[in-house]
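Taking it in order: structure first as structure tokens, then the write-up.
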Amino acid sequence: MPYYQRVGEVPRKRHVRFRRPDGGLYAEELMGEEGFSSDSSLLYHRYAPTAIVKAEAVPALTGGELTPNLPLSPRHFRTQDLGTSEDLVSGRRLLAGNGDVRISYAAADRPSELYRDSMGDECVYIQSGRATFESTYGALEVDEGDYVVIPTGTIHRWVPHGTVTALTIEAAGHIRPPKRYLSQYGQFLEHAPYCERDLRIPSEPLLSDGEDVPVLVRTRGGLTRLTYRNHPFDVVGWDGCLYPYAFNIADFEPIVKRTHAPPPVHQTFEGPGFVICSFCPRPLDFHPEAVPIPYNHHNVDSDEFMFYVGGDYGARAGSGIDVGSISLHPAGFTHGPQPGAVEAVIASGATTTSELAVMIDTFRPLDLGPGALACEDAGYAWTWAR
Numbered sequence: 010m011p012y013y014q015r016v017g018e019v020p021r022k023r024h025v026r027f028r029r030p031d032g033g034l035y036a037e038e039l040m041g042e043e044g045f046s047s048d049s050s051l052l053y054h055r056y057a058p059t060a061i062v063k064a065e066a067v068p069a070l071t072g073g074e075l076t077p078n079l080p081l082s083p084r085h086f087r088t089q090d091l092g093t094s095e096d097l098v099s100g101r102r103l104l105a106g107n108g109d110v111r112i113s114y115a116a117a118d119r120p121s122e123l124y125r126d127s128m129g130d131e132c133v134y135i136q137s138g139r140a141t142f143e144s145t146y147g148a149l150e151v152d153e154g155d156y157v158v159i160p161t162g163t164i165h166r167w168v169p170h171g172t173v174t175a176l177t178i179e180a181a182g183h184i185r186p187p188k189r190y191l192s193q194y195g196q197f198l199e200h201a202p203y204c205e206r207d208l209r210i211p212s213e214p215l216l217s218d219g220e221d222v223p224v225l226v227r228t229r230g231g232l233t234r235l236t237y238r239n240h241p242f243d244v245v246g247w248d249g250c251l252y253p254y255a256f257n258i259a260d261f262e263p264i265v266k267r268t269h270a271p272p273p274v275h276q277t278f279e280g281p282g283f284v285i286c287s288f289c290p291r292p293l294d295f296h297p298e299a300v301p302i303p304y305n306h307h308n309v310d311s312d313e314f315m316f317y318v319g320g321d322y323g324a325r326a327g328s329g330i331d332v333g334s335i336s337l338h339p340a341g342f343t344h345g346p347q348p349g350a351v352e353a354v355i356a357s358g359a360t361t362t363s364e365l366a367v368m369i370d371t372f373r374p375l376d377l378g379p380g381a382l383a384c385e386d387a388g389y390a391w392t393w394a395r
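One gets this note's numbering by counting positions in the sequence shown from 1 and adding 9 to each.
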């Protein structure tokens, strides 16, 4: 993360004695990236964060298999047809993935178990509903439209308030704001479409008691359930530049041009081998002769995965795309507005668009997961020929 935060109690200097009220020492834990050479935070535990009493291998969650997008074609998936699952971790329905990223969908109404993803950062987009995100860093109240970015290795759980629907992006590395938005020292620059004031972090420690507490851990080797001697939510304070945070899509400030601007102006985060973009309500292109919706395009180096989460999609009228839809337009296929859409938007005289969507562009082909195949609109590929 680009800036330093301090929450709860921490000693005046790093790596010095920090005593509990009973005279014992708090246990210091460094959470750091890239072998002590990148962002980190120091957390101070009441108990040793290393004390485990059991380790058990866990069978892989069902529905984790990927198959190639063959025959190559554009796809339309209707997540609203998937139904409710168990929780926002074990209930994830795998939609697509490759060696860089796995994208899943879940609709859940019960708390998850404690979970640690040690393969990479996660970005969870809350499509609808409210939840409490609890972690060793504290708690965050999250709501519709929130992106929640979770650093690798953070022990956390999700507590929904009613039913929550969410898109989960699991990276094989770290998810960060694009470098072009930041100064050489990590501050958001004036041209960035969001800034530090838009980010929300845990404001106080979250302390829980308990012994022999299980935590599900994902690594490249698979799943393990570790049982900790004491509850891992025992951190009295932390400081540093590595922590979970929430950013609401409504706080993204769109960049507009007189003629159509390409997707990089909508970029919100970057990960290894992919980017995440936010398409938000904004003025339509305002050149007198502008074509006010996207041109046909062929991204020769990327697959485009688009999650439609709100508003109206004039460019896709007649395609079947609706709120809750996902389109996948792979490299090797040219895509664009539906036939007649350009003329219809021009004739309407519309000056703004209400569309709201989350896009993931990957630079390696996306394979298809069983969740996507279970809710596919098989006729979508032929809608441009109608």
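Where a beta carbon is used, it is the ideal one built from N, C-alpha and C, also for glycine. If you're wondering where the values come from, they're calculated on a predicted model, not measured in any experiment.
Report the partner residues of residue i according to the DSSP bridge assignment.
| i | result |
| --- | --- |
| CYS286 | GLN276, MET368 |
| THR233 | ALA66, VAL226 |
| HIS344 | HIS306 |
| LEU149 | PHE142 |
| TRP167 | PHE142 |
What would DSSP say about residue i, mapped onto helix, strand or coil?
| i | result |
| --- | --- |
| GLN89 | helix |
| LYS266 | coil |
| LYS22 | coil |
| GLU143 | strand |
| GLY319 | strand |
| ALA36 | strand |
| GLU131 | strand |
| ASP376 | strand |
| THR360 | coil |
What's the gap between the Cα of residue i and the Cα of residue j?
| i | j | result |
| --- | --- | --- |
| ARG23 | LEU251 | 16 Å |
| LEU365 | TYR322 | 9 Å |
| PRO68 | LEU232 | 7 Å |
| PHE342 | CYS384 | 21 Å |
| PRO281 | PRO214 | 31 Å |
| PRO223 | ALA66 | 12 Å |
| GLU262 | ARG395 | 36 Å |
| SER334 | ASN308 | 21 Å |
| GLU42 | ILE330 | 40 Å |
| ASP260 | CYS286 | 13 Å |
Along the chain, where does the alpha helix (DSSP H) containing residue i start, and where does it finish?
| i | result |
| --- | --- |
| ALA117 | From DSSP, ALA117 is part of no alpha helix (DSSP H) but of the beta strand (DSSP E) over 110 to 117. |
| GLU65 | Element bounds for GLU65: not the alpha helix (DSSP H) but the beta strand (DSSP E), 61 to 67. |
| PRO379 | 379 to 382 |
| VAL354 | 350 to 357 |
What do you reckon, are the CB atoms on residue i and residue j nearer than 8 Å?
| i | j | result |
| --- | --- | --- |
| ALA270 | ARG209 | no |
| VAL173 | VAL157 | no |
| GLY380 | LEU91 | yes |
| PRO58 | ALA36 | yes |
| ARG238 | VAL62 | yes |
So the beta strand (DSSP E) residue i belongs to, where does it begin and stop?
| i | result |
| --- | --- |
| SER49 | 49 to 54 |
| GLN14 | 14 to 17 |
| GLY249 | 244 to 249 |
| ARG102 | 102 to 106 |
| VAL158 | 155 to 159 |
| PHE197 | Taken as a continuous stretch (DSSP letters only), PHE197 belongs to no beta strand (DSSP E), as it is neither H nor E. |
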